[in-house]
Structure formats: structure tokens, C-alpha cells
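Some notes on the structure that comes next.
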Amino acid sequence: MKFKKKPVLFAVVLALLVIGVLELTLSLLARVSPQVDRVLASPWPSKETPHTLPDERLGYRPNPAYPGHDRLGFRNPDVPARADIVVLGDSQTYGTGVAPAQAWPRQLASMTGHIVYNMAYGGYGPAHRLMLWDEAVALQPNLVIEAFYAGNDLYESFDLVYNRRQLSELKSADPQLQAVVREAEQSEPIAERVSQMFRMGVQSAAASKAPTTAHPQRPSLRKLLSADSKLYGLLRRTQYEAVRLMDQLAHSPREQWEQAKAFAAANPAYCQVLSHGRLRTILTSEYRLSALDLDDPRIAEGLQISLRSIHKMHELATARNMRFLVLLVPTKETVFRNLGSHPAVSYRRLTDQEARFWATTKAFLARRGIEYLDALPALQGQLAAGVQPYPMSQDGHPNRHGHQAIAKLVANHLSQPD
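Reminder that position 404 of the sequence shown reads as 404 in full-length UniProt numbering, one-by-one numbering, no gaps.
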């Protein structure tokens, strides 16, 4: 019996020694390599780590402690001492729905070799980005890209100025318009209308799909290991990637489309089904229209606030002898407008309003000599090639193919001689 105990004890000591060496090695690697440290950090969000933190001026800021965010809270591997390009935008540029490396600013960095810092975040319109300007230029970029999105940037800028009472100098000085805006807000606050449409989609999507990569509730020992053990971090990352791969394999394109159609059938007032050969998706024109209806004086004012914000950023860039480029990002609905028939009145109205919005925007930029680049042809070019740049679901954010198309467009534009 005593003889048997020695090999067991030896095996235990050896195992502990190996674990200790691995832990020490991984800790040293994480300390000298930010990339290794990111891999070993928790890929799972938790209830203890919210996506945002309150901010008195912006309303909220991205949380630096959230997985995948840098120390300033933005979605980058780290904060460089200096960036060649800083990108401002919203969730379309942040990369909602795709892996961090697939977001177009990160792909642009890979294509060009430039240091590109992604300063985009969901819910930030041009007025928010103007408030972030000093933080952006602190990185001493040669170029700032403002990604102007048709889907909800106008509403977000209006909400910041009128409801959060920031940047009041961007308001219209017309007293008649001010009176019309006040009357409209008293009748039906626009924030309630847009939020109601947004919640409809989010709640329905959550009900139809259970999250497969959510982190389970962790007991205290696991929480301690999660915070301090790099070896535990490696095992956790392995588990996360395995679950993610299994989730992808378990949901074939056919199954994804069936789920998308089921969602649309459950929300007929919210969704339209588009199927054109291999290209299939769910459109949400009613939601998009709630934040892009230029016949609403508040959205029209939001457009003027956005354009004034962009003009101010251009002036600030010019004063620093810095290049400034406005990237025009369309809605999914406009990208798909040339495919199939669209009988829904809300769809036709949305695309008409967006066409009007872009015409006004391009004329404004051209008159003031502000450089701009339209992403619509690149995204529609993917459809022409049989590549789907958006998910099959109701999600209006580009997928990895859409982000790649935008990155290539910007890279090609920047490679052209001035």
C-alpha cells in the first residue's frame, strides 16, 4: 500500500509542477504580449460587466472592462501612441454582429498596413462624434473618417441636442421650427417611437433564439480563477471557440433562413421577406423609417444637426492640416432595393426618404468641399456578384462580406493620388 502511494504522490507533484510552469509561462507571455493577454481574457460578457457606462455628456460610453474593448472602451486590440487613421461612427462601423477582426476598420488596417483606430460605437450620431473629436485627434492621425449612417444617425443627433441638451449651438435658430419641434415632441416623443420599434425587434429576436455562447453563472472559485489564472483563461478560450464553432456548424444557411422567415411571420407589421435566388434576407423598413422620415420636423432637424456637426469636424480638421473623409453608409433596405419587388408601402417610402437624404447630404458636402465616399455601389456590387453583404435575419448590420467590401472601397480610395 505504501509502495503504491509513492507513484501517486509523484504524479500529483509532477502535475502541480507542470501546471505551475504553464501558469508562469502564460503569465509572462501575457505581460509582454498584449495579443496573448487579449486571448487569455474572458471572451464572455457577464452581468457584472455592462457594455456601457453612464456619461453626463454623451449619455453613455463604451465600457473598457467589456471583452474586446481597449482601455478607452473602444473596440481595438489596444490604444496606440499614434494612429494613422481614426474612424468615427456607430454600430455599423463598430462591427456589431461580426468578430472584432472582421469589422471594416480592422480589415482596412490589414489591407493598407496603416494603424487604424476604431472609435465607433452604437448609438453615436455625428453630434456625438463631434464631442469625441478631441479624443480622436489626441492620437495625431493623418486622416479622420466620419462614417455617416442613414439608418438612425439623424435621430441620434437630434436626441443628443434636444433631449440630452448638449451642443445647443447646433440647433436651428428658426423660432417657427423650434415651435413645430416642441409641438411634435409633446404629441409623441420621438425617442419613445424609435425605442418601441427597436424593442419589438430585439425582444422578438431574443425569444426566437436562445444564446448559445452566454457565460454560465460562475461560482466563487471559478470567478477567482477567471480573474487570476492564465491557464484557466486558455482553457476558457478553447471552450469558447469550440462552442462558437459548434454553433456555426449546427445552424446551416437553410436553418438560418427558416428561423429568419419564422421571425418575419411572427412580426408581419415589422418585417418584409426578400428572396431573390440565393440572396435572401428580412427587411425592417418600418423601424428604419421611424428614424429616417424627413417629413417629421425632428428628423429633418436631426439631419441639419448632423450636417452642421460634420461641417464643424471638417473645419477642425482643416485647422490642423488633417485630411477628413465622410463615408456614406446606406441602410440594408436601400442596398437591396434593386432586387425583387417591394410591395410594402413603408419600404417604398423608406427608400424614397433615404434617396432624398443622400441627395441633400451630397449637395451639402460638395458645396463645402468636404471629401466623401459612397459605400452603396460597393455593397450593391456584392449582390451583383452573388455575395450577401448582410445576414439573412432582420439584423441591419453588415456581415463580414459587407465589412470587407467597405474596407476594400476605402483602401482603394486612399491609394488614389490626391
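Where a beta carbon is used, it is the ideal one built from N, C-alpha and C, also for glycine.
Chain-order list of residues whose beta-carbon lies under 6 angstroms from that of residue i (same chain, five-residue window excluded)
i: GLY59; result: ARG164
i: THR49; result: ALA65 and TYR66
i: PRO417; result: none
i: MET392; result: GLN256, TRP257, ALA260, ARG280 and THR281
i: ARG61; result: LEU53, ASP55 and GLY73
i: SER114; result: Contrary to the premise, residue 114 reads as His rather than Ser in this sequence. Excluding residues within five positions, the ones whose Cβ falls inside 6 angstroms are ASP84 and ILE85.
i: ARG308; result: LEU170
Residue i versus residue j - alpha carbon distance
i: ALA15; j: LEU28; result: 20 angstroms
i: ALA81; j: ALA260; result: 44 angstroms
i: HIS403; j: LEU289; result: 23 angstroms
i: ASN399; j: PRO389; result: 6 angstroms
i: HIS413; j: LEU283; result: 30 angstroms
i: HIS51; j: HIS69; result: 9 angstroms
i: VAL326; j: VAL410; result: 11 angstroms
i: ILE19; j: PRO77; result: 28 angstroms
i: PRO141; j: LEU376; result: 26 angstroms
i: PRO330; j: HIS342; result: 18 angstroms
i: GLU183; j: VAL194; result: 17 angstroms
i: ARG356; j: SER346; result: 15 angstroms
i: VAL12; j: PRO100; result: 40 angstroms
i: ALA317; j: ASP395; result: 34 angstroms
i: VAL116; j: SER168; result: 31 angstroms
i: LEU274; j: PRO268; result: 13 angstroms
C-beta neighbour in chain D for residue i, strict 8 angstroms
i: GLN140; result: You won't find chain D in this structure, because it holds only one protein chain.
7 angstroms Cβ shell around residue i - same chain, five flanking residues per side excluded
i: ALA407; result: TRP104, GLN107, LEU108 and MET111
i: GLN180; result: The question names Gln, but residue 180 in the sequence shown is Val. For VAL180, where only same-chain residues beyond five positions count, the Cβ hits under 7 angstroms are PRO297.
i: THR351; result: GLU333, THR334 and ARG337
i: LEU365; result: VAL326 and TYR372
Whole-angstrom C-beta distance between residue j and residue i, which should lie under 8 angstroms
i: GLU301; j: PHE148; result: Not quite, the Cβ-Cβ distance comes to about 16 angstroms (not below 8 angstroms), so this is no contact.
i: ARG278; j: GLY386; result: 6 angstroms
i: PHE127; j: SER306; result: Here the sequence assigns Ala to residue 127, which means Phe is not the residue at that position. Contact flag correct, Cβ pair sits at about 7 angstroms.
i: residue 422; j: ARG368; result: The requested residue 422 does not occur in the structure, where the chain is confined to residues 1 to 418.
Boundaries of the beta strand (DSSP E) in which residue i is found, first to last residue
i: SER275; result: 272-276
i: TYR390; result: It is not in any beta strand (DSSP E) - TYR390 carries neither H nor E in the DSSP assignment.
i: ALA147; result: 143-149
i: THR281; result: 279-283
i: PHE324; result: 323-329
i: PRO268; result: From DSSP, PRO268 is part of no beta strand (DSSP E); its letter is neither H nor E.
Alpha helix (DSSP H) segment containing residue i, residue limits
i: PRO105; result: 104-112
i: TYR94; result: 91-94
i: ASN399; result: Premise fails: ASN399 is in no alpha helix (DSSP H) and is neither H nor E.
i: ASP293; result: ASP293 -> no alpha helix (DSSP H), and no H or E assigned at all.
i: GLY381; result: 376-384
i: TYR347; result: 345-367
i: ARG182; result: 175-187
i: TYR162; result: Note, TYR162: premise wrong, no alpha helix (DSSP H); not H, not E.
Say whether the segment 378-392 touches the segment 81-92, bearing in mind that this needs 3 or more beta-carbon pairs closer than 8 angstroms, one atom from each stretch.
no
For the 8 angstroms Cβ check, are there 3 or more pairs between the segment 168-180 and the segment 132-142?
no
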